[in-house]
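A quick write-up on the structure given underneath.
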Amino acid sequence: QGSNSALLGICTALKVWCPDGIRQQDVPFNPEGRHPPGEVAATIYGTADAGLAKSEVGKLQAMQFDTTYWSKAYLQCIGRGVSSKECAAGLPDDVRTMPAGPLAGNTELTSAISCMSASGTPEKCQTHFDALAVVAGYEAEVKQSSTEKAREFAGKAGYKLLGIPALWYAMKFVKIK
């Protein structure tokens, strides 16, 4: 029960979809468990609209797992004349796996989970959630000064601003009544 309340607090604070059994109203499929044929792939490979962490479908193709990797490495080691015990101890890791995601081993995530496990209320762990939001890529709006606003406007307007000095000079000769 404690881990469910911690997960519920994290899901609520980050406004992401929670797993089934935590909050039934957030389950993104119909109660009968049937999907229209066109939505099955979107359900598997997609991300809920409210989710902040979008799935990276392009990286799914790069994932691979070779079931014969360990046996090939072991047989090559035995073929070199090394003992079975030494071969088993010296098997190299499969380096063709995908790198861990950005939250693997992240201290902000573990501190948020431990805070939710200890307190159980999202209000007490708001500082942890704010740090986790920064890791997820959320940036608060920065207030721009008037000079920065003018630079941004000039950058958007581009060459059209070249007419302003000519217009300023021409206004000397025009008299408005």
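Here the sequence shown is numbered in our numbering, starting from 65 and rising by one per residue.
From the three backbone atoms N, C-alpha and C, an ideal C-beta is built for every residue, glycine too.
- Excluding sequence positions up to five before and after Gly-201, its CB lies less than 7 Å from no other CB in the same chain.
- Boundaries of the alpha helix (DSSP H) around Gly-143: 133–143.
- Under the three-state reduction of DSSP output, Tyr-233 falls in the helix class.
- For Glu-212, the uninterrupted alpha helix (DSSP H) segment begins and ends at 210–221.
- Separation of the CB atoms of Ala-197 and Cys-189 is rounded to 12 Å, and the pair is thereby denied contact status at 8 Å.
- A straight-line Cα-Cα distance of about 17 Å links Gln-125 and Asp-158.
- When rounded, the separation of the alpha-carbon atoms in Lys-220 and Pro-229 is 18 Å.
- Counting the other Cβ atoms within 10 Å of the Cβ of Pro-156 gives fewer than 16, which makes it exposed.
- With 16 or more other CB atoms across the displayed protein chains lying within 10 angstroms of its CB, Phe-193 is buried.
- Closest in C-alpha terms to Lys-118, from the list Met-127, Phe-129, Ala-106 and Gln-128, comes Ala-106.
- With a minimum length of 4 residues, the unbroken runs of alpha helix (DSSP H) contained wholly in the region 154–191 fall at 171–183.
- Between Gly-154 and Cys-141, the C-beta spacing is below 9 Å.
- The alpha-carbon separation between Thr-131 and Ala-168 amounts to approximately 24 Å.
- 9 Å or more divides the Cβ of Tyr-133 from the Cβ of Ala-152.
- The C-beta of Met-235 has fewer than 16 other C-beta atoms within 10 Å across all chains shown, which makes the residue exposed.
- Inclusion of Val-199 and Asn-170 in the CB contact set at 9 Å is warranted, their separation being smaller than that value.
- Your pair Glu-172 and Ala-195 checks out as a contact, with CB atoms roughly 4 Å apart and the cut at 8 Å.
- Going by beta carbons, Thr-161 and Phe-129 fall inside the 9 Å limit.
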